[in-house]
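Enquirer:
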Amino acid sequence: MNRAFYQEFPLSFKTAVRPRDGWRGLPRFRARMRTASLLLLGAVLAMLSVEMLLHPFYGTLRSSPFAVPTTILNSDLPILALRQCIEGCAESHFYADGARATGNVQLRQAPTGLIIGASFVQAKQVVDKDTMGAIVEQALRSRKEINVRQYGYDAQSIPTYVGLAPILLQKWNPSWVVVVMSRVDWSKHPSVWTMRVSPDGVPGMTLTDPSQSHGIKSAARLLGDSSAVIATLYWRFRDLVASSDSPPSGGPATSIAQQSETVARDYVAALKYSFGDRVHILYLADVGITGDNDPNDSLRETALLTECARRKVPCVSSRELMTDELKRNYTPARGFGNSIMGEGHLNAAGHRMAASLIESLISKQ
Amino acid sequence: MVFTSIAFVKFFALFACLFLLARNRGQRQLVVLGASIVFYGSWNARYLLLLATPSIIDYYCALKIEATESPRLRKTILFISIASNLGLLAYFKYTNFLLSTFSELLHLPHRTLDILLPVGISFYTFKTMSYTVDVYRGELRACRSWWKYAMFVTYFPELVAGPIVRASVFLPQMGRSLRFDGNRLLLGLQIILLGVTKKIVIADRLAPFADHVFAAPGSFDGMTNALAVVAYSLQIYCDFSGYSDIAIGISKIIGYDLPENFNMPYLAANLTDFWRRWHITLSSWLRDYLYIPLGGNRKGKTRTNINLILTMLLGGLWHGASWTFVFWGLLHGIGLMFHKYLGTRKPTSRLSQLAGWAMTYGYVCLAWIFFRASSFPLALTMLRKIVTLDATGVRWVFTPLLIIIPLVVAAHFIGVHAARLYATARRGARKVTAPALFEPLYGTSGTIVRKPSAAAGIYVLLPIQPFWNGFVVAAWVLAVFSFSATSSNPFIYFQF
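As you go down the protein sequences, you meet chains A and B in turn. Once you know that position 194 of the first sequence is 194 in my numbering, the rest is easy, because the numbers rise by one and skip nothing. Residues are numbered in my numbering as their position in the second sequence, beginning at 1, plus a constant of 1000.
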């Protein structure tokens, strides 16, 4: 053992040194190789142990819109259960075509109502009975027989719903369609379809399924799908890289206003063209914990409601109700005990608020 | 370049390669100096000039002080050194604070200068000031090599957020060979892992909760506000002690030993004890270079109290250019004064010990409100909500906090009992880390034990057999990755 090391080491600590007898006489290279192999073996065993511990709590959901025209579409029972504890803790169920279960019995021969949206409709954060579709279904069933089918596609936007419209309309022939929109619809995400809307409101669709990508990314994704450890490392690494990147600077207010108007005009036109008079739009406003309005979100909301009025599409924003609930009952629509209150996805109270707005939209029909 | 960022990992990997390639001590020191310059320059290259200024001035001042016999001249040179250090600190950190204070007092239009606060300026100013003072006092010989002195000033592991290393601790270590040592690597890795765990599993997890409630305390009910204060108390402790641990660990791998900065401060039974355990390098600096020169407790009770308040006020101001920090310092000064007034007898019964601990922790938390709040009105709103148990506002029971509190309590419990066991066996040990409990698992053959020093802390190596090393390190890293926060925040003490 290096005596000088201890002589120059002023702090007190206790250490165990490797026993000399067993190692004496071994060539240095062999000893080093043995050490490295043992280190590696220990690390591999640790990875396997952690994988075994985490695997039961791990699962992925790829609710690709391409799942809709599958042969098992008519299944009456949800086939997939998903548990998560990132925002709240909930178990959610999904049908084979990716529709989120409402937890209510599906009635035969009853007309169908459709709710379409992004992760707000997927609603992995709440249990089936607390989803907006489940609440609407229960409320409407007191007056008439109806089934509510809710399709939520993580990080997708209007082009995807427009692309799916012919399939969904043919399959369900819904009496009404509610499209749930939010700030996310104005941000750039890789979408299954890209859409270009002509001046007369006809959408031209281009299929660009991002899940079909090949190479290292898709290989990593495949590995991540089967291993909790690899998925954890992948996501943490991505977070670290993302946090190292500087945040994008916001554009001037005028360009945001202009962008809000353009996007709202094209979206409303495309939805009206695809779903016809059956379409309704619910805008989930950003109402933070203080109840103050985000100016950019107000711009988007105003542009959308203006365009809806112009095209005679029934639209409603959740801002007033959410602000009122927050100020009167101190109930935020978004956020959970383990995430940031007032931000993120809708909680159970938020889904109740969304459901009451959908119900009022439908009853005006 | 934050320790927990990818950029730092790349930087350290490159540094390690160059460090291993270096052939002798001089080359290794040069690599460390170069790395320190790159590290600090990565924030803003212009700051390097600022860092070079005290390095040059203090180096020559110390040489001059040592060479001069005349007490008057020595004093003058010391004054030049201190004035240059404090002048830089005052300009960069306090100019806008003074301007806004005066403009408010005189009802003038609010005006500020475009001054960017150089990261770590408070830390390295104190470091360089202590050097010239120590040379002036004759407690340290002036460093004869400017390169060595520059390396002490710029040493990257502790440059931006401490621990505040005194020249008397660092310079004598410069004679070390800095040859790579496996045991040091293991020891350093263990301390780094502890620090990273504190930072990204606890501090970063609690940050969103504390940040949101402190930003708008009026929107939440009293209980949520109280929980946010508890969360912040754990966040700042794990954030800062985590940084210190990483700095100590990196330095151990390089070959230098940095002083301990924390010793389970929330177990303190009184405020005096708290300051012996919290930010030890700052509190001892303030004691040795401010409180004692002011007269300490040698000039009567009134003067002792004044000295205490003054020291803590300046300690508060050191943390940030804001009246909330000054008030935080004042609260601690008053608390220390009160404790001195009550007497320093140790509580005998368990109940009085518990009461002492609860009062100390409560008082420290009360002071944290003013430390963290961005303004007095927000701090007072929070205080009112907590004191009146105000039920109006959103109730947010942050569940990660409910998991972290028992973990922190358990870690302290293990720490205390391990220390007690260790102290019984080795006499005099005050702190050991949790892995000490598993010591019997990996054998103690050939152990070398030195008499533990009070502030040093005792770290026990990870299991020494390579297989268990690999297993524990990999499992620890994976656990940290699995349970860490999704986003990493800069260390809180970077702003000071």
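Where is the CB? At the ideal position from N, CA and C, for every residue including glycine.
1) For residue 247 (chain A), count neighbouring C-beta atoms within 10 Å of its own C-beta (all shown protein chains included) and say buried if the count is 16 or more, exposed if not.
2) Mind listing the chain B neighbours of residue 346 (chain A)? Cutoff is C-beta to C-beta under 9 Å, in chain order.
3) Would you say residue 1396 (chain B) faces chain A, with C-beta separation under 8 Å as the test?
4) Run through the DSSP bridge pairs and tell me what residue 56 (chain A) is partnered with.
5) Run through the DSSP bridge pairs and tell me what residue 82 (chain A) is partnered with.
6) Could you tell me the distance, in whole angstroms, from the CA atom of residue 141 (chain A) to the CA atom of residue 105 (chain A)?
7) Residues of the stretch 329-359 of chain A with a CB closer than 9 Å to any CB of chain C: list them in chain order, please.
8) Whole angstroms are fine: how far does the CA of residue 1049 (chain B) sit from the CA of residue 1156 (chain B)?
9) To which residues of the same chain is residue 1012 (chain B) closer than 8 Å at the C-beta, ignoring the five residues directly before and after it?
10) What residues match up with residue 181 (chain A) in a beta bridge as DSSP calls it?
11) Report the neighbours of residue 229 (chain A) on chain B: residues whose CB is nearer than 7 Å to its CB, in chain order.
12) Mind checking which residues open and close the beta strand (DSSP E) that includes residue 1002 (chain B)?
13) Would you give the residue range spanned by the alpha helix (DSSP H) that residue 1284 (chain B) belongs to?
14) Listing by chain order, which chain A residues have their CB less than 7 Å from the CB of residue 1210 (chain B)?
15) Taking the DSSP output, what are the residues bridged to residue 116 (chain A)?
16) Let's test the definition: count the other Cβ atoms within 10 Å of the Cβ of residue 1029 (chain B) and tell me whether it reaches 16, buried, or not, exposed.
17) Can you check which of these residues, A:198, A:176 and A:43, is closest to residue 112 (chain A) by C-alpha distance?
18) How is residue 1347 (chain B) classed by DSSP in three states: helix, strand or coil?
19) Bridge partners of residue 293 (chain A), per DSSP?
20) For the candidate residues B:1161, B:1108, B:1373 and B:1368, whose alpha-carbon lies nearest to that of residue 1001 (chain B)?
21) Beta carbons nearer than 7 Å to chain B: which residues of the stretch 31-51 of chain A have them?
22) Do the stretch 1328-1342 of chain B and the stretch 1192-1199 of chain B touch if we need at least three Cβ pairs shorter than 8 Å?
23) Please compile the residues from chain A whose C-beta is within a distance smaller than 9 Å of the C-beta of residue 975 (chain B).
24) Any residues in the stretch 126-140 of chain A with a beta carbon nearer than 8 Å to a beta carbon of chain B? Which ones, in chain order?
25) Interface residues of chain A around residue 1469 (chain B) at Cβ under 7 Å?
26) When you compare only the Cα positions, how much space is there between residue 1237 (chain B) and residue 1125 (chain B)?
27) Using the beta-carbon of each residue, which ones in chain B are nearer than 9 Å to residue 290 (chain A)?
28) What does DSSP give as the partner residues of residue 1220 (chain B) in its beta bridges?
29) Below 8 Å CB to CB, which residues in the same chain sit around residue 1147 (chain B) once its five sequence neighbours on both sides are set aside?
30) Can you tell me the Cα-Cα spacing of residue 1321 (chain B) and residue 1097 (chain B), whole angstroms?
31) In whole angstroms, what is the alpha-carbon distance linking residue 283 (chain A) and residue 358 (chain A)?
32) What whole-angstrom Cβ distance do residue 1235 (chain B) and residue 1210 (chain B) have, given they're in contact under 8 Å?
33) With a threshold of 16 other CB atoms inside 10 Å of the CB of residue 149 (chain A), please say whether the residue is buried or exposed.
34) Nearest-angstrom Cα distance between residue 29 (chain A) and residue 37 (chain A)?
35) I want to see whether chain B comes within less than 8 Å of residue 236 (chain A), judged by CB atoms only; does it?
36) Using the rule of at least 16 other Cβ atoms within 10 Å of the residue's Cβ for burial, across every protein chain shown, is residue 1239 (chain B) buried or exposed?
Expert: Let's see:
1) Bear in mind that the predicted position of residue 247 (chain A) carries a pLDDT of just 46, short of 50, making it unreliable; the figure below should be weighed with that in mind. Its Cβ having fewer than 16 others within 10 Å, residue 247 (chain A) is exposed.
2) Against chain B, the beta carbon of residue 346 (chain A) has no neighbour under 9 Å; the closest one sits roughly 15 Å away.
3) Interface residue, yes.
4) The partner list for residue 56 (chain A) (beta bridge, DSSP) is empty, contrary to what the question assumes.
5) Residue pairing of residue 82 (chain A) in beta bridges, as defined by DSSP: A:92.
6) Those two C-alpha atoms are separated by around 11 Å.
7) The displayed structure is made up of protein chains A and B, and chain C is not among them.
8) Answer to the nearest angstrom: the Cα atoms are 16 Å apart.
9) Apart from the 5 residues on each side of it in sequence, residue 1012 (chain B) sits with its Cβ closer than 8 Å to the Cβ of 1250 in its chain, given in chain order.
10) Paired residue(s): A:283.
11) Counting only Cβ-Cβ distances below 7 Å, residue 229 (chain A) has contacts in chain B at 1478, in chain order.
12) It is not in any beta strand (DSSP E) - residue 1002 (chain B) carries neither H nor E in the DSSP assignment.
13) Residues 1280-1286.
14) Those do not exist, as residue 1210 (chain B) stays about 11 Å from chain A at its closest Cβ, beyond 7 Å.
15) The secondary-structure analysis by DSSP pairs residue 116 (chain A) across a beta bridge with A:151 and A:179.
16) The residue is buried, with at least 16 neighbouring Cβ atoms inside 10 Å.
17) Out of A:198, A:176 and A:43, the CA that lies nearest to the CA of residue 112 (chain A) is found in A:176.
18) Of the three classes helix, strand and coil, the one that applies to residue 1347 (chain B) here is coil, per DSSP.
19) Beta-bridge pairing links residue 293 (chain A) to A:287.
20) Nearest C-alpha to residue 1001 (chain B): B:1161.
21) Look at the stretch 31-51 of chain A: the residues with a C-beta under 7 Å from a C-beta of chain B are 35, 38, 39, 40, 41, 42, 43, 45, 46, 47, 49 and 50.
22) Too few Cβ pairs lie closer than 8 Å, so no.
23) As displayed, chain B neither begins before 1001 nor continues past 1496, which places residue 975 (chain B) out of reach and without an answer.
24) From the stretch 126-140 of chain A, no residue has a Cβ closer than 8 Å to chain B.
25) By Cβ distance, chain A contributes 39 and 42.
26) So the two alpha carbons sit approximately 23 Å from each other.
27) Going along chain B in sequence order, the residues near residue 290 (chain A) (Cβ under 9 Å) are 1215, 1216, 1218 and 1219.
28) Per DSSP, B:1394.
29) Taken in chain order, the residues that qualify are 1029, 1030 and 1033.
30) Counting only the Cα atoms, residue 1097 (chain B) lies some 6 Å from residue 1321 (chain B).
31) The straight-line gap from Cα to Cα measures roughly 10 Å.
32) Residue 1235 (chain B) to residue 1210 (chain B), Cβ: 5 Å. Contact.
33) By the neighbour-count rule (16 or more Cβ atoms within 10 Å), residue 149 (chain A) is buried.
34) Cα-Cα distance, rounded: 12 Å.
35) Answer yes: the Cβ-Cβ gap between residue 236 (chain A) and chain B drops below 8 Å somewhere.
36) Answer is buried; the Cβ neighbour count reaches 16.
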